[in-house]
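A short worksheet on the structure shown next.
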Amino acid sequence: MYSPSSTTGSAGGATNIPARLQPEDTSPKNCPPKTAEMAAELSTIGHSPVPSLAGLQIGRDAIVSTAENLRSATVRTETEDILPATERMKAAVREGVRNKQDVVAPPWFRELSEDAKRKVAKQVVDWVFSPVNNETERWFNRFTADKYIQKYLKNTVSETTYEEVGRLTCLRHVKERIKNYGMLEGQGNDIRPPLDRWSRAQRIENAKEEMWEALREAFRDRQSVAVPVSFHALHEEDKKEVVRLTVSWVFSPVDKHTHRWLECLVAGEGLRPYLKHTVPRETYDKAVRIGLNFVRETVDEYGMLVEEGGGHSRIKLAVGDLWRAVLDGVANRCDAKTPASFGGLSKAERRQVVQHTVARLLPVGSTKFEDHFNRLTANNDVKPFLKGTLLQSDADGISRKMENAGSQVLSNVMSRIYQYRMVAYRSEDPVEQARYDLWEAVLDGVSDDEEATTPASFRNLSSSDNKQAAVKGAVSRLKSLQAWQIKSHFDCLTANPDVEPYLKGSMTKTHYVAIESKLKYFTSIQIWREVTAKIEKYQMRG
């Protein structure tokens with residue numbers, strides 16, 4: 001129950017390759033047949049948020065057709081068709097994930113009998129959910145985006161799989177689509193209560209889904225969003241909540257397409273009064289950093305930026321909800337369930353919530369501590385924010401307290417503390433602290449597929465020489481990585497504009513030779529050239 005997820009990055013910053021895309025899948029000889037790109041009809045465009053802080057959006061990328069040469073006219077039995085058709089569809093999904101392009105139903109799939117199409121869809125859906133983890137949304141989105149394929153998705157997801165999906169907050173949108181597409185087995189027999197008997201949460205959820213669908217249509221048709229009737233029927237506070245969730249969805253992720261999604265949203269005059277204080281500072285800063293001027297101007301025009309301290313009440317609410325979930329987990333002998341108030345927060349706010357919740361563990365007595373600790377740390381939505389939540393003095397206190405519970409319990413708790421890197425590193429040397437924090441930011445950036453943020457300890461260094469030393473220390477960590485990890489970590493570090501001025505001379509000759517040799521002999525010639533070219537560009541060799 002408490003075993004850590006195998007899909008998260010390792011302590012060394014590596015990100016495991018998902019089970020559906022084995023290393024050999026990236027080899028040219030194992031790639032699926034070359035696909036032909038089609039002019040994408042935007043009617044297939046969808047949109048999906050990500051939390052994490054991980055996810056892809058249906059329809060924000062180009063759409064790919066997996067059209068291949070028509071099958072031979074040789075007559076086959078239906079049983080003979082299903083297995084190869086399933087494998088061909090899996091190959092198409094792999095290519096879609098690899099190229100960030102949605103799958104479009106190929107001609108050979110359309111030629112199958114209706115029963116064969118359903119069987120192929122069922123088998124591919126089972127494969128997409130094997131396993132259920134934080135990578136699942138990417139695979140699910142690519143396969144299910146096509147309207148034609150959606151017709152054969154009904155009754156393809158078991159209750160067990162649906163429950164697994166529901167346990168991960170990062171897959172909440174997958175869970176919603178399973179319902180929307182009628183994929184849950186036996187779902188067709190569900191009878192929803194009349195609208196006037198819906199709870200407040202049901203009304204908000206319904207209005208949110210209809211709003212998102214209206215926004216997809218607006219994006220597709222390049223027009224303003226048609227605000228659904230279900231939104232107008234809500235109370236004022238509920239309208240604010242729906243708009244806040246929708247804005248969060250529009251900015252997940254922040255990329256070159258965000259401009260169009262936001263333009264469609266703010267064109268809806270009925271929504272404008274509810275746009276205030278809906279965009280977190282970290283989201284705004286990212287939009288500015290990548291040059292989204294329209295987005296920056298729109299956020300400023302409508303006062304969408306969350307005010308400093310404005311999230312305090314939300315954080316306080318989420319801390320209380322998460323701690324109650326821990327207590328419920330202890331009482332019911334299950335892992336803490338993620339409260340809705342936690343899932344709607346920004347990444348920075350969730351980090352604060354976990355920090356405060358971990359602090360609530362400290363007074364728990366030795367006989368009950370392990371149970372409370374395990375219920376919290378086993379939650380997959382909490383795990384990414386456990387790092388640095390304890391001081392060394394806190395960890396020492398826990399160790400002394402747990403000695404009374406026995407050596408095995410002590411070992412279990414302390415090993416988990418170090419596994420999740422919960423003890424914050426503190427150094428009296430400001431340069432050493434900045435070096436450590438800078439590398440941790442790289443690990444987080446690689447894990448979240450984002451640029452490395454600049455830690456405050458680096459910004460606070462008093463001189464250029466000290467910043468140069470901190471960057472040099474972070475660069476030296478590249479040497480210890482596996483060959484296939486070097487490029488992602490190197491790119492993440494060097495892409496930080498605060499780091500770039502200090503890259504010159506940051507790599508010793510020994511480090512350069514070690515890195516260059518790994519890239520040359522254990523990666524592709526293209527990766528070797530790209531990294532070494534950047535080393536020369538930034539004049540990193542000392």
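With full-length UniProt numbering applied, the sequence shown covers 1 to 542.
Backbone N, C-alpha and C define an ideal beta-carbon position, used for all residues, glycine too.
Quiz item: Hey, R541 and K520: beta-carbon distance below 8 Å or not?
Solution: Sequence index remark: in the sequence shown, residue 541 carries index 541 (1-based). Sequence index remark: in the sequence shown, residue 520 carries index 520 (1-based). In this structure, K520 does not lie closer than 8 Å to R541 by Cβ.
Quiz item: For S252, is the classification buried or exposed, using 16 other Cβ atoms within 10 angstroms of its Cβ as the cut-off for buried?
Solution: Working through the sequence shown from its first residue, we reach residue 252 at position 252. The residue in question, S252, is buried, as its Cβ has 16 or more Cβ neighbours within 10 Å.
Quiz item: S480 to A233, Cα distance in whole Å?
Solution: As a position in the sequence shown, residue 480 is number 480, starting the count at 1. As a position in the sequence shown, residue 233 is number 233, starting the count at 1. If you take the alpha carbons of S480 and A233, they lie about 58 Å apart.
Exercise. On a CA-only basis, which of L168, T144, E176 and A145 is nearest residue 556? Give me that one, please.
Key: As shown, the chain starts at 1 and ends at 542. That puts residue 556 outside it, with no answer to give.
Practice problem: Consult DSSP for D381 and reduce its assignment to one of helix, strand or coil. | Solution: Numbered from its first residue, the sequence shown carries residue 381 at position 381. Of the three classes helix, strand and coil, the one that applies to D381 here is coil, per DSSP.
Quiz item: Just the Cα atoms here: how many angstroms apart are residue 547 and P131?
Solution: One cannot answer for residue 547 here, as it falls past the ends of the chain, which runs 1 to 542.
Quiz prompt | Secondary structure of L275, DSSP reduced to three states | solution = Position 275 of the sequence shown, counted from the start, is the residue given in the question as residue 275. It is coil, neither helix nor strand.
Quiz item: So, helix, strand or coil for D102, using DSSP?
Solution: Stepping through the sequence shown from its first residue, residue 102 is reached at position 102. Reduced to three states, the DSSP call for D102 is strand.
Quiz item: So, helix, strand or coil for V229, using DSSP?
Solution: Along the sequence shown, one-based indexing puts residue 229 at 229. Reduced to three states, the DSSP call for V229 is helix.
Quiz item: Going by DSSP, which residues form a beta bridge with V423?
Solution: Residue mapping note: residue 423 aligns to position 423 of the sequence shown, counting from 1. DSSP lists L390 as partners of V423.
Exercise. Could you tell me whether any Cβ in chain D is nearer than 8 Å to the Cβ of V97?
Key: Among the chains of the structure shown, chain D does not appear; only one protein chain is present.
Practice problem: Would you mind giving the Cβ-Cβ distance between V326 and H372, rounded to the nearest angstrom? I have them listed as a contact below 8 Å. | Solution: Against the sequence shown, residue 326 aligns to sequence position 326. Against the sequence shown, residue 372 aligns to sequence position 372. The pair is a contact, with the Cβ atoms about 6 Å apart (cut-off 8 Å).
Self-check item: Endpoints, the alpha helix (DSSP H) within which R222 is located
Solution: The residue you call residue 222 lines up with position 222 of the sequence shown. Element bounds for R222: n/a, residue is neither H nor E.
Quiz item: Can you name the start and end residues of the alpha helix (DSSP H) that I527 belongs to?
Solution: In the sequence shown, counting from the first residue as 1, residue 527 sits at position 527. I525 to K537 is the span of the alpha helix (DSSP H), which, as asked, contains I527.
Self-check item: Nearest candidate by alpha-carbon position, reference I398, set R138, V423, P430 and L362
Solution: Locating residue 398 in the sequence shown gives position 398, counting from the first residue. It is L362.
Quiz prompt | Q539 vs G505 beta-carbon contact at 8 Å | solution = Locating residue 539 in the sequence shown gives position 539, where the first residue counts as 1. Locating residue 505 in the sequence shown gives position 505, where the first residue counts as 1. For Q539 and G505, yes; Cβs fall inside 8 Å.
Practice problem: Could you please give the first and the last residue of the uninterrupted alpha helix (DSSP H) stretch that includes V243? | Solution: Counted from its first residue, the sequence shown places residue 243 at position 243. Taken as a continuous stretch (DSSP letters only), the alpha helix (DSSP H) holding V243 covers E236 to V250.
Practice problem: Report all residues from its chain with a CB closer than 7 Å to the CB of A105; omit the five preceding and five following residues, and keep chain order. | Solution: As a working mapping, residue 105 is identified with position 105 in the sequence shown. These residues qualify, in order along the chain: D146, Y148 and I149.
Self-check item: Burial state of A533, where buried means 16 or more other Cβ atoms lie within 10 Å
Solution: Translated into positions along the sequence shown, residue 533 becomes position 533. Exposed is the call here.
Quiz item: When the Cα of Y274 is compared with those of E205, K256 and E237, which residue comes out closest?
Solution: Within the sequence shown, numbered from 1, the residue matching residue 274 stands at position 274. Closest by alpha carbon: E237.
Quiz item: Of the choices A469, T357 and D449, whose alpha-carbon is the least far from that of M422?
Solution: Residue mapping note: residue 422 aligns to position 422 of the sequence shown, counting from 1. Cα-wise, what sits closest to M422 is T357.
Quiz item: If we call anything under 8 Å between Cβ atoms a contact, is residue 543 one with A92?
Solution: Coverage of the chain is limited to positions 1 through 542, which leaves residue 543 absent and any answer about it impossible.
Quiz item: Going by beta carbon distance, what residues of the same chain come within less than 7 Å of I525, once the five residues before and after it are set aside?
Solution: Taking the sequence shown and counting its residues from 1, one reaches residue 525 at position 525. So the list is empty, once near-sequence residues are dropped.
Quiz item: Who does V157 pair with in a DSSP beta bridge?
Solution: Locating residue 157 in the sequence shown gives position 157, where the first residue counts as 1. Note: V157 sits in a beta bridge opposite L184.
Self-check item: Close Cβ partners of T494 (< 7 Å) along its chain, the five nearest in sequence each way excluded
Solution: As a first step, residue 494 is located in the sequence shown; it is residue number 494 there, counting from the start. So the list reads E500, L503, K534 and Y538, once near-sequence residues are dropped.
Self-check item: Endpoints, the alpha helix (DSSP H) within which N460 is located
Solution: The count along the sequence shown starts at 1 and reaches residue 460 at position 460. Note, N460: premise wrong, no alpha helix (DSSP H); not H, not E.
Quiz item: Helix or strand or just coil, what does DSSP make of M507?
Solution: The residue labelled residue 507 in the question sits at position 507 within the sequence shown. Here M507 sits in strand by DSSP.
Self-check item: Inter-residue Cα distance where the pair is P107 and V446
Solution: Residue 107 sits at position 107 when you count from the first residue of the sequence shown. Residue 446 sits at position 446 when you count from the first residue of the sequence shown. Roughly 38 Å separates the two Cα atoms.
Quiz item: Should A336 be labelled buried (16 or more other beta-carbon atoms within 10 Å of its own) or exposed?
Solution: Here residue 336 is taken as the residue at index 336 of the sequence shown, counted from 1. Buried is the call here.
Self-check item: L234 CB to nearest heavy atom of the ligand MG below 7 Å
Solution: Absent from the structure shown: the ligand MG. Ligands present: none.
Exercise. Count the C-beta pairs between the region 118 to 131 and the region 156 to 172 that are closer than 8 Å, then say yes if the count reaches three, no if not.
Key: yes
Self-check item: R216 to V242 span [Cα, whole Å]
Solution: Your numbering for residue 216 matches position 216 in the sequence shown. Your numbering for residue 242 matches position 242 in the sequence shown. Each residue's alpha carbon lies about 16 Å from the other.
Exercise. Mark S248 as exposed unless 16 or more other C-beta atoms lie within 10 angstroms of its C-beta, in which case mark it buried.
Key: Position 248 of the sequence shown holds residue 248. The residue in question, S248, is buried, as its Cβ has 16 or more Cβ neighbours within 10 Å.
Exercise. Return the chain-ordered list of same chain residues with a C-beta closer than 7 Å to the C-beta of T523, the five sequence neighbours on each side being excluded.
Key: Position 523 of the sequence shown, counted from the first residue, corresponds to residue 523. A483 and W484, listed in sequence order.
Practice problem: Check whether the Cβ atoms of K472 and V531 sit closer than 8 Å, and answer yes or no. | Solution: One-based indexing of the sequence shown puts residue 472 at position 472. One-based indexing of the sequence shown puts residue 531 at position 531. Cβ distance not < 8 Å, so K472 and V531 don't count as in contact.
Quiz item: In angstroms, rounded to a whole number, what distance separates the CA positions of residue 550 and R375?
Solution: The requested residue 550 does not occur in the structure, where the chain is confined to residues 1 to 542.
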